[in-house]
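**Student:** Numbering (full-length UniProt numbering), first residue to last: 1 to 282. Glycine is no exception: its CB is placed at the ideal position from the N, C-alpha and C atoms. In this text, all values refer to a predicted model and were calculated from it rather than measured experimentally.
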Ligand SMILES: NC(=O)C1=CN([C@@H]2O[C@H](COP(=O)(O)OP(=O)(O)OC[C@H]3O[C@@H](n4cnc5c(N)ncnc54)[C@H](OP(=O)(O)O)[C@@H]3O)[C@@H](O)[C@H]2O)[C@@H](O)CC1
Ligand SMILES: Nc1ncnc2c1ncn2[C@@H]1O[C@H](COP(=O)(O)OP(=O)(O)O)[C@@H](O)[C@H]1O
Ligand SMILES: [Mg+2]
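Below, the structure written as structure tokens:
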């Protein structure tokens, strides 16, 4: 077991080269947000944009378009019913699928398209309803993606792995991850008050920071977006994921110093400043 420390931020967050452009910082597509859960995919998108992804698009229910654009004109919108979704999936570096996706037939169909259209140069981050749908039908797992990052909370992990929460020990979690995704570059970010990160080997990582002010709906949606933004810029390594998990909680602790409740949208708001600080430290 290794505790994640602040050093991971200095290691992962790089100064930007002067001669770079948005294409160098990765293309992210976020898929989710049914009629009732639009906020979830908007918060994920906010995480990805503020974490520095070069280009961000959001595929969601059309009802969410105005709200998305009102908050985030940086993000492109695509109606998740649009047949062009398949082509868009093929063109991006990172896909986040699941926040507010829901359990409808359309949601299932989107996972079928995602599975068909992803390939080895891409990273897919699966969260929330996407994990629940895969728990019901393992053939929906987008197994062709080069890197898979699962970000369940403990109940989502119970549904997917069939390991009940009290029995979610580190060795059981590692075994279940390897059984679910054998011979693959998969990571499991098992969220809790002290999130554990597994990469399929015997090593695993624990996030020692964060606070109960962060127990607010949308906090995990935001984390999925931040992981996407980090992977888009810094590559799909374990260190990148650890840095994203750590900065999410570090931001939460900063906000919690003088706020009882930590709003997920405030986490996204403080990210650019925090990233600037760590990019300038050796
Ligand atoms: N603004 C929006 O649009 C938002 C939309 N959202 C979207 O809603 C959808 C459903 O996602 P969800 O996470 O809210 O519900 P679900 O997966 O049923 O889990 C809850 C059940 O699990 C249990 N539980 C046990 N341990 C737990 C743990 N550590 N962490 C959490 N729960 C734990 C818990 O126990 P209880 O609270 O009853 O004690 C309860 O029985 C999904 O698409 C998501 O993206 C949300 O992101 C919020 C903001
Ligand atoms: N008591 C707590 N202490 C620290 N972090 C917490 C606490 N409760 C929740 N979190 C964090 O908030 C997030 C919750 O994720 P999730 O349940 O998926 O939220 P949502 O689906 O509402 O966005 C995780 O990153 C988790 O680590
Ligand atoms: Mg969640």
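(1) Where do the ends of the beta strand (DSSP E) carrying residue 206 lie?
(2) Ordered along the chain, which non-local residues of its own chain (more than five positions away) have a Cβ less than 6 Å from that of residue 303?
(3) Using a 10 Å radius around the Cβ and a threshold of 16 neighbouring Cβ atoms, would you call residue 116 buried or exposed?
(4) Check whether the stretch 151-170 and the stretch 120-132 touch, using three or more Cβ-Cβ pairs below 8 Å as the test.
(5) What is the rounded straight-line gap between the Cα of residue 204 and the Cα of residue 235?
(6) Near ligand 3, which residues have their beta-carbon less than 5 Å from any of its heavy atoms, given in chain order?
(7) Nearest to residue 55 by alpha carbon, out of 122, 67, 26?
(8) Pick out whichever of 170, 187, 166, 168 has its Cα sitting closest to the Cα of residue 145.
(9) Any idea which residues DSSP pairs residue 197 with across the strands?
(10) Rounded to a whole number of angstroms, what is the C-alpha to C-alpha distance between residue 194 and residue 245?
(11) Closest to residue 240 by CA distance: which of 189, 218, 60 is it?
(12) Which whole-angstrom value describes the C-beta separation of residue 77 and residue 68, a residue pair presumed to lie in contact below a C-beta threshold of 8 Å?
**Tutor:** With the given structure in hand:
(1) Here residue 206 refers to the residue found at position 206 of the chain shown. Counting along the chain, the beta strand (DSSP E) containing residue 206 begins and ends at 204-206.
(2) For the chain, the structure presents residues 1 to 282; residue 303 sits outside this window and is missing.
(3) Counted from its first residue, the chain shown places residue 116 at position 116. With fewer than 16 other Cβ atoms within 10 Å, it is exposed.
(4) The stretch 151-170 makes contact with the stretch 120-132, as at least three CB pairs between them are under 8 Å.
(5) The sequence position of residue 204 within the chain shown is 204, counting from 1. The sequence position of residue 235 within the chain shown is 235, counting from 1. One C-alpha to the other measures close to 19 Å.
(6) Answer in sequence order: 128, 220.
(7) Here the question's residue 55 lines up with position 55 in the chain shown. Of the candidates 122, 67, 26, 26 places its Cα closest to the Cα of residue 55.
(8) In the chain shown, residue 145 corresponds to position 145, counting from 1. Checked all of 170, 187, 166, 168; the closest Cα to residue 145 is 187.
(9) On the chain shown, residue 197 is found 197 positions in, with the first residue counted as 1. Beta-bridge pairing links residue 197 to 189, 205.
(10) Counted from its first residue, the chain shown places residue 194 at position 194. Counted from its first residue, the chain shown places residue 245 at position 245. One C-alpha to the other measures close to 10 Å.
(11) Position 240 of the chain shown holds residue 240. Sorting 189, 218, 60 by C-alpha distance to the C-alpha of residue 240 places 189 at the top.
(12) Here the question's residue 77 lines up with position 77 in the chain shown. Here the question's residue 68 lines up with position 68 in the chain shown. Going by Cβ atoms, the distance from residue 77 to residue 68 rounds to 6 Å, so yes, they are a contact pair.
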